[in-house]
Structure formats: C-alpha cells, structure tokens
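S.K.: Handing you this structure, nothing more for now.
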Ligand SMILES: [Zn+2]
C-alpha cells in the first residue's frame, strides 16, 4: 500500500506504480483500501492486474466464487433482485439487438418480462 501523499520525482502526482505490471497509472486505476488510520489508501496492484488475478483464481477453482455469488443473490432484497433482473434482461436485449435478433424473454421465467427491445427503442 502506498498513500496518495507519497511523492517521488519519477511518479507524477496522484499516480502510483502497480506492484505486478510495474506501470505508472492514475490513482483511480487502483481500488481503494481504506484503513482506520489512512482513509485514502489504495491497493498496490492496479485494477486490471487484480481482475486478471481473480479470473485466474476463479478459473482454477470456480466453486467458491459460485457459492459467493449465490450467497450474494440470496441476501439481496426483492427490489434489488428485480433491479438486477431488469438490468440483465436489458443486457440480453441489447446483445440480441446488436446481433440483429429480437429478444425473447424466457417463457418459464418466474418473473414477468420487463420490456422488449422494440418497446425500449434501442
Ligand atoms: Zn498492474
């Protein structure tokens, strides 16, 4: 962890060097890691490297990630689930639209379909 106040001549202000790829990146490219003593600390690995690391870890051992995702979904309230369902359906609709198809919500879906692509006028 490097605090944002650390200033060395070769690293520009509000930039940080990633401990994995070694690139100098703006501070927004590092996830926040606040502690009680230092509210504005950032991780030392950039977001891209952390995402790549998580992808490798989850590909090697997918079950814990699947369980975490299930647990997260179970703990959401109904309004949050509906919001995510709507977002997911919109995402699928956009993808279908981009491929020149019409989006057909699943017939056995437990929730009623939100809107079709035509209704939303993408
Ligand atoms: Zn990096």
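Residue numbers (the working numbering): 17 to 138.
Positions of the beta carbon are idealized from the N, C-alpha and C atoms, including for glycine.
1. In this structure, how does DSSP classify residue 20 when only helix, strand and coil are distinguished?
2. Going along the chain, which residues put their C-beta within less than 5 Å of some heavy atom in ligand 1?
3. Give the straight-line distance between the Cα atoms of residue 42 and residue 26, rounded to the nearest whole angstrom.
4. Give me, in chain order, the residues of the same chain whose beta-carbon lies closer than 6 Å to that of residue 59; leave out the 5 immediate sequence neighbours on both sides.
5. Are the segment 26 to 39 and the segment 60 to 74 touching by the rule of at least three beta carbon pairs closer than 8 Å?
6. Under 9 Å between the Cβ atoms of residue 92 and residue 100?
7. Express the C-alpha separation of residue 73 and residue 89 in angstroms, rounding to a whole number.
8. Answer yes or no: does any C-beta atom of chain B fall closer than 9 Å to that of residue 53?
9. Could you give the distance in angstroms between the alpha-carbon of residue 117 and the alpha-carbon of residue 103?
M.R.: In brief:
1. Because residue 20 sits at a pLDDT of 49, beneath the cut-off of 50, its placement in the model cannot be relied upon, and the point is left open.
2. Qualifying residues come out as 34, 36, 37, 62, 65.
3. 13 Å
4. Scanning its chain for C-beta atoms nearer than 6 Å, with the 5 sequence neighbours on each side dropped, one finds around residue 59 the residues 46, 47, 49, in chain order.
5. Taking 8 Å as the limit for Cβ pairs, the verdict is that the segment 60 to 74 does touch the segment 26 to 39.
6. Their beta carbons are under 9 Å apart, which means residue 92 touches residue 100 by this criterion.
7. 21 Å
8. In the structure shown, chain B cannot be found, because there is only a single protein chain.
9. 19 Å
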